[in-house]
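Chemist: Mapping to full-length UniProt numbering: the sequence shown position 400 is 400, numbers consecutive.
Below is the structure I would like to discuss, written out as structure tokens.
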Amino acid sequence: MQAKSLAELASALRNKQVSAVELAQSYLSRIEATRELNAFVQVQPELTLEQARAADARLAQGDASPLTGVPVAHKDVFVTRGWQSTAGSKMLAGYQSPFDATVVERLTRAGMVTLGKTNMDEFAMGSSNENSAFGPVRNPWDTHAVPGGSSGGSAAAVAAGLAPAATATDTGGSIRQPASFSGVTGIKPTYGRVSRYGMIAFASSLDQGGPMAKSAADCALLLNAMAGFDERDSTSLQREDEDFTRHLGQAWRPENAADKPLAGLRIGLPKEYFGAGLADDVRAAVDAALKQYEALGATLVSVSLPKTELSIPVYYVLAPAEASSNLSRFDGVRYGHRAAEYRDLLDMYKKSRAEGFGPEVKRRILVGTYVLSHGYYDAYYLQAQKIRRIIAQDFQEAFKACDVIMGPVAPSVAWDIGAKGDDPVQMYLADIYTLSVSLAGLPGMSVPCGFGAGQSAKRPVGLQIIGNYFNEARMLQIADAFQRATDWHAQAPAGV
Numbered sequence: 001m002q003a004k005s006l007a008e009l010a011s012a013l014r015n016k017q018v019s020a021v022e023l024a025q026s027y028l029s030r031i032e033a034t035r036e037l038n039a040f041v042q043v044q045p046e047l048t049l050e051q052a053r054a055a056d057a058r059l060a061q062g063d064a065s066p067l068t069g070v071p072v073a074h075k076d077v078f079v080t081r082g083w084q085s086t087a088g089s090k091m092l093a094g095y096q097s098p099f100d101a102t103v104v105e106r107l108t109r110a111g112m113v114t115l116g117k118t119n120m121d122e123f124a125m126g127s128s129n130e131n132s133a134f135g136p137v138r139n140p141w142d143t144h145a146v147p148g149g150s151s152g153g154s155a156a157a158v159a160a161g162l163a164p165a166a167t168a169t170d171t172g173g174s175i176r177q178p179a180s181f182s183g184v185t186g187i188k189p190t191y192g193r194v195s196r197y198g199m200i201a202f203a204s205s206l207d208q209g210g211p212m213a214k215s216a217a218d219c220a221l222l223l224n225a226m227a228g229f230d231e232r233d234s235t236s237l238q239r240e241d242e243d244f245t246r247h248l249g250q251a252w253r254p255e256n257a258a259d260k261p262l263a264g265l266r267i268g269l270p271k272e273y274f275g276a277g278l279a280d281d282v283r284a285a286v287d288a289a290l291k292q293y294e295a296l297g298a299t300l301v302s303v304s305l306p307k308t309e310l311s312i313p314v315y316y317v318l319a320p321a322e323a324s325s326n327l328s329r330f331d332g333v334r335y336g337h338r339a340a341e342y343r344d345l346l347d348m349y350k351k352s353r354a355e356g357f358g359p360e361v362k363r364r365i366l367v368g369t370y371v372l373s374h375g376y377y378d379a380y381y382l383q384a385q386k387i388r389r390i391i392a393q394d395f396q397e398a399f400k401a402c403d404v405i406m407g408p409v410a411p412s413v414a415w416d417i418g419a420k421g422d423d424p425v426q427m428y429l430a431d432i433y434t435l436s437v438s439l440a441g442l443p444g445m446s447v448p449c450g451f452g453a454g455q456s457a458k459r460p461v462g463l464q465i466i467g468n469y470f471n472e473a474r475m476l477q478i479a480d481a482f483q484r485a486t487d488w489h490a491q492a493p494a495g496v
């Protein structure tokens, strides 16, 4: 069953080839057998099987949606009733929310069965999933390597066949980069498409939920259930619901021949994405993918995103500033970790936060507090906001010449666990191709397109597809056409 798509699993459930309980038990057994990956921080078989039995009842009554009975794993940044919701932090160890995040609520309403909560970088701060209070996640393709972050647990779970799909979040690349490193498909929708209600906040103007699965077609099914207006989220966009699967399997233009389904598609290649710093093996895999797109009828055009290199300093001013504000609520008073011994209220604040937050979270809080402080707000924060607007304008200028933009997701394949732990700046530089998309609020996705070379031959490479606002259905169509012509997305780590 682990090799089947979401549509195939749904069909097997409807045709009584397998029950939701049997399917859930199968995945729970796989999770138990692969604990060394550390992809999950919490599994509760009794809750999972209770949901599975309810799904079987819906299936028996004929009251089933397309995803009823299909298992899903939730990133531990989404609060989930009945489960601990920790955001990968000691600060929230043991915390149980009295309500579900909107994403969880929507997928539960669709009949999906929760397998557990996946590991993540603490408060979604990181690019490797080494910052979790529960230890690092290991990449199923090469257990010496990181799976990417912050949604590394979700990516590893899907790649290893521990879940057919998973929820994730992307602040500066945390869906696309782990999807690339772990050889799965993931999409970050346009900012505001998916509700942030019940998502433990990192940087509110950047955080966006999205799905991870094996294929673009599976991601489209998940996005159908996840996306939509939510009045409880002030940043949620009020738009008509749409079917993100509606273009799958279709030609870019109706008159196109079957062997050239993407004839007429213009793919923009930013010169800034293919310069110095891009590893040769990643470049080779991306170039091969682009040649495949040409074979499908697409045309490659050169575009420029001149402020790409500024996306790193802009992001690492704005995101820590918002984190400094958002994480001020964790003070040991209302919920979360509280120090065992303290002299007075101020001492309790200091000790609780010092003990509860990890090094990377502390680093970003300090940076964020600094750039928001008197005398530095104008010099750093406001200037970063101005450049953010210019970055968004650069994308709009590029889209005048192309329909989508493509390039690498990251400059290299996944690195070894611990390789960049002593140099956070090197870790930040790994997000060079994803940050600008998040700053502009654009949709972006990663699709598997090959593997590294030499000692990295087992480590996957992802192709990044960037669309204009609200262009997710077309992006998924373009990714699906590539996956119909190749099998990178269907490959699995040894033993899976």
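For each residue, glycine too, the CB sits at the ideal point set by N, CA and C.
Helix, strand or coil, according to DSSP, for Cys449 in the structure here?
Modeler: strand
Chemist: Is Arg253 helix, strand or coil by DSSP?
Modeler: coil
Chemist: Is Ala73 helix, strand or coil by DSSP?
Modeler: strand
Chemist: Tell me, to the nearest whole angstrom, how far the beta carbon of Ala440 is from that of Glu322; I am working on the premise that it is less than 8 angstroms.
Modeler: That belief does not hold up - the Cβ atoms of Ala440 and Glu322 are roughly 16 angstroms apart, past 8 angstroms.
Chemist: The beta strand (DSSP E) with Pro211 in it runs from where to where?
Modeler: 208-213
Chemist: Thinking Pro147 and Ala419 are a contact (beta carbons under 8 angstroms), I'd like their distance in whole angstroms, please.
Modeler: With a Cβ gap of about 14 angstroms, Pro147 and Ala419 do not count as contacting.
Chemist: DSSP on residue 502, reduced to helix/strand/coil?
Modeler: This structure does not reach residue 502, given that the chain is present from 1 up to 496, and the question cannot be answered.
Chemist: If distances are taken between C-alpha atoms only, which option among Arg106, Thr185, Leu221 comes closest to Gly462?
Modeler: Of the listed residues, the one whose Cα sits closest to Gly462 is Thr185.
Chemist: Relative to the C-alpha of Tyr197, which candidate in Val137, Asp230, Arg266 has its C-alpha closest?
Modeler: Asp230
Chemist: For Ser302, which of helix, strand or coil comes out of DSSP?
Modeler: Here Ser302 sits in strand by DSSP.
Chemist: How far does the beta strand (DSSP E) with Gly462 in it extend, from its first residue to its last?
Modeler: 460-466
Chemist: Considering only residues of the same chain and omitting the five flanking positions on each side of Pro352, which have a CB-CB separation below 7 angstroms?
Modeler: Correcting the residue type first, residue 352 is Ser in the shown sequence and not Pro. Result list for Ser352: Asp331, Gly332, His337, Arg338, Ala339, in chain order.
Chemist: What is the DSSP secondary structure of Gln51, counted as helix, strand or coil?
Modeler: Correct three-state label for Gln51: helix.
Chemist: Would you kindly work out how many angstroms separate the C-alpha atoms of Gly228 and Glu240, rounded to a whole number?
Modeler: Taking the straight line from one Cα to the other gives about 8 angstroms.
Chemist: Would you mind working out which of Arg334, Ala159, Pro408 sits nearest Leu269, comparing C-alpha positions?
Modeler: Pro408
Chemist: If you follow the alpha helix (DSSP H) that Gln385 is in, where does it begin and where does it stop?
Modeler: Unbroken alpha helix (DSSP H) run through Gln385: 383-398.
Chemist: Considering only the alpha carbon of each residue, which of Val72, Ala55, Pro71 lies closest to Ala64?
Modeler: Ala55
Chemist: List the DSSP bridge partners of Met406.
Modeler: For Met406, the beta-bridge partners assigned by DSSP are Ile465.
Chemist: Cutting at 6 angstroms between CB atoms, please list the residues of its own chain near Gly356, excluding the five before and the five after it.
Modeler: Lys90, Met91, His337
Chemist: Please go through the segment 324-381 and give each complete alpha helix (DSSP H) segment of 4 or more residues, from N-terminal end onward.
Modeler: If only uninterrupted alpha helix (DSSP H) runs of at least 4 residues are considered, those enclosed by the segment 324-381 are 345-356, 359-372.
Chemist: Alpha helix (DSSP H) containing Ala10: first to last residue?
Modeler: In the DSSP assignment, Ala10 falls within the alpha helix (DSSP H) that extends over 6-14.
Chemist: From the DSSP secondary-structure annotation, give me the bridge partner or partners of Asp170.
Modeler: Looking at the DSSP assignment, Asp170 forms a beta bridge with Gln208.
Chemist: With three or more beta-carbon pairs closer than 8 angstroms as the criterion, would you say the segment 135-147 touches the segment 95-104?
Modeler: no
Chemist: Looking at the secondary structure, which residues open and close the beta strand (DSSP E) in which Phe181 lies?
Modeler: Counting along the chain, Phe181 falls outside any beta strand (DSSP E), though it belongs to the alpha helix (DSSP H) covering 176-182.
Chemist: Less than 8 angstroms separating the beta-carbons of Gln44 and Trp83?
Modeler: yes
Chemist: Out of curiosity, what's the CA-to-CA distance linking Asp431 and Ala57?
Modeler: Between Asp431 and Ala57, the alpha-carbon positions lie close to 45 angstroms from each other.
Chemist: Run through DSSP, which three-state label would Lys307 get?
Modeler: coil
Chemist: With a CB to CB cut of under 7 angstroms and the five nearest residues on each side skipped, what residues in its chain are close to Ser324?
Modeler: Ile365, Gly368, Thr369, Leu372
Chemist: Is Pro254 buried or exposed, if buried means 16 or more other CB atoms sit within 10 Å of its CB?
Modeler: exposed
Chemist: Just checking, does the segment 307-321 make contact with the segment 384-398 on the three C-beta pairs under 8 angstroms criterion?
Modeler: yes
Chemist: Can you tell me which of the three DSSP states Val43 falls into?
Modeler: In this structure, Val43 counts as coil in the three-state DSSP scheme.
Chemist: Check for me: the beta strand (DSSP E) holding Leu269 runs from which residue to which?
Modeler: 266-270
Chemist: Starting from Gly277, trace the alpha helix (DSSP H) both ways and give me its first and last residue.
Modeler: Run containing Gly277: none; DSSP gives neither H nor E here.
Chemist: CB Ile312 to CB Tyr191, shorter than 8 angstroms?
Modeler: no
Chemist: Would you tell me roughly how many angstroms separate the C-alpha atoms of Tyr342 and Met199, rounded to the nearest one?
Modeler: 31 angstroms
Chemist: For the putative contact between Leu435 and Gly173, defined by C-beta atoms under 8 angstroms, what is the C-beta separation to the nearest angstrom?
Modeler: 6 angstroms
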